[in-house]
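To start, the structure itself, in structure tokens.
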Amino acid sequence: MSSRRILLVIDSRTERTQQEMAKLRAPDGPFVKLLTKGWSVGSGRDSDVQIVDISHSVPDDLKELVAKIDPARLPLPVFIDNGEIARSFQQGCTTPLDEWTFGWLRTGNDERPIEPPPEPVQVATTGHYPLRGNHWSVEGNWNPTREYVIHHLRSTHGQQLQTGWQIEEWSLEELKSVHDDLHDREQGFRGRYAGTSTSSSSSSRSGSVSGIQKPGKASR
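Going by this note's numbering, the sequence shown opens with residue 5, and the numbers climb by one from there.
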């Protein structure tokens with residue numbers, strides 16, 4: 005059993021969860037595609053995707069982590085590493101919740117072969133930066149505020165920001181998106197946007213995983 009795995013935190017009592025789970029479990033949906041690649045999906049701790057339903061009993065080792073998640077955000081897929089959320093997914097940021105997103109959560113690499121039609125935007129945006137739904141935690145903080153991300157970008161990535169970017173005017177999701185693209189480039193992970201992310205297949209930290217094949221070691 006691994007301390008590194010994907011959690012899909014849901015509340016099966018809500019219509020939103022029921023609709024999303026129906027899509028995931030559809031005959032041609034993401035779960036079926038992952039299963040054909042050797043993944044396991046279930047409620048057990050040894051599953052590659054562990055489904056945690058807060059309407060039922062939450063495992064003791066996950067209670068503290070799950071208690072920090074706003075139920076309004078469910079269903080929420082995250083990747084945990086030693087009890088902390090390292091990567092997460094935000095609905096409504098153009099990225100679909102599909103098998104490739106689960107692959108990114110597992111490895112940190114975007115192996116999507118072609119860019120899909122964007123999902124409808126359901127979050128605040130100013131149009132200054134393209135959104136992405138796949139997010140890295142910022143200095144261990146998976147749910148940062150705008151002010152937190154702005155400070156981090158200015159203090160840690162200031163020299164990497166393009167001249168003229170007035171990030172203080174950007175939305176939270178735009179700030180997180182540029183942070184994540186910079187993180188991909190710095191750490192050698194494969195990202196979405198050619199202007200800021202690397203073209204290498206993986207970093208030395210990303211494990212020997214290709215696409216959505218059976219997961220190996222998870223990356224940080």
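Think of the CB as a built atom: it goes at the ideal place given N, C-alpha and C, for glycine as much as any other residue.
Reduced DSSP secondary structure (H/G/I, E/B, other) of residue i
i    : result
G46  : strand
A92  : Per the sequence shown, the amino acid found at residue 92 is Ser instead of Ala. Strand.
W140 : strand
V82  : strand
R116 : coil
R20  : helix
S201 : Interpretation of S201 is limited by its pLDDT of 36, a score under 50 that renders its predicted location unreliable; no figure is taken from the coordinates.
S208 : For S208, the predicted structure reports a pLDDT of 31, less than 50, and the residue's modelled location is therefore unreliable. A value from the coordinates is still provided. Coil at S208, not helix or strand.
G168 : coil
L101 : coil
A128 : coil
K37  : helix
K72  : coil
S175 : coil
Y133 : coil
V62  : coil
G162 : helix
Buried or exposed (CB count within 10 angstroms, at least 16 for buried), residue i
i    : result
G107 : buried
S7   : exposed
D74  : exposed
A90  : buried
V213 : At V213, the pLDDT of 33 sits below 50, so the modelled position is not reliable and the matter cannot be decided from this model.
D65  : exposed
K180 : buried
S141 : buried
V13  : buried
W169 : exposed
T111 : buried
T105 : buried
R9   : buried
D32  : exposed
L11  : buried
V82  : buried
Minimum Cβ-Cβ distance from residue i to chain D less than 8 Å
i   : result
Q54 : Included in the structure is just one protein chain, with no chain D present.
Bridge-paired residues (DSSP) for residue i
i    : result
Q54  : L11 and G46
R29  : Note: R29 sits in no beta bridge, so no partner.
N147 : None, per the DSSP bridge assignment.
Cβ-based neighbour list, residue i, same chain, cut-off 7 Å, excluding 5 preceding and 5 following
i    : result
P122 : T98
Q163 : none
W174 : T130, H132 and Y133
R150 : L176 and L179
Own chain, CB closer than 6 Å to residue i, minus 5 neighbours either side, in chain order
i   : result
S16 : D57 and S59
K37 : E103
Cβ-based neighbour list, residue i, same chain, cut-off 8 Å, excluding 5 preceding and 5 following
i   : result
L78 : V13, I14, D15, T18, R20, T21 and I58
Are the stretch 94-102 and the stretch 127-140 touching, with three or more C-beta to C-beta distances below 8 Å?
-> Contact check between the stretch 94-102 and the stretch 127-140: three or more CB pairs, one atom from each, fall below 8 Å, which counts as touching.
Can at least three beta-carbon pairs, one atom from the stretch 109-128 and one from the stretch 148-162, be found at a separation below 8 Å?
-> By the criterion of at least three beta-carbon pairs nearer than 8 Å, the stretch 109-128 is not in contact with the stretch 148-162.
Stretch pair the stretch 52-63 + the stretch 13-30: three plus CB contacts closer than 8 Å | With a cut-off of 8 Å, the stretch 13-30 and the stretch 52-63 count as touching, because enough Cβ pairs lie within range.
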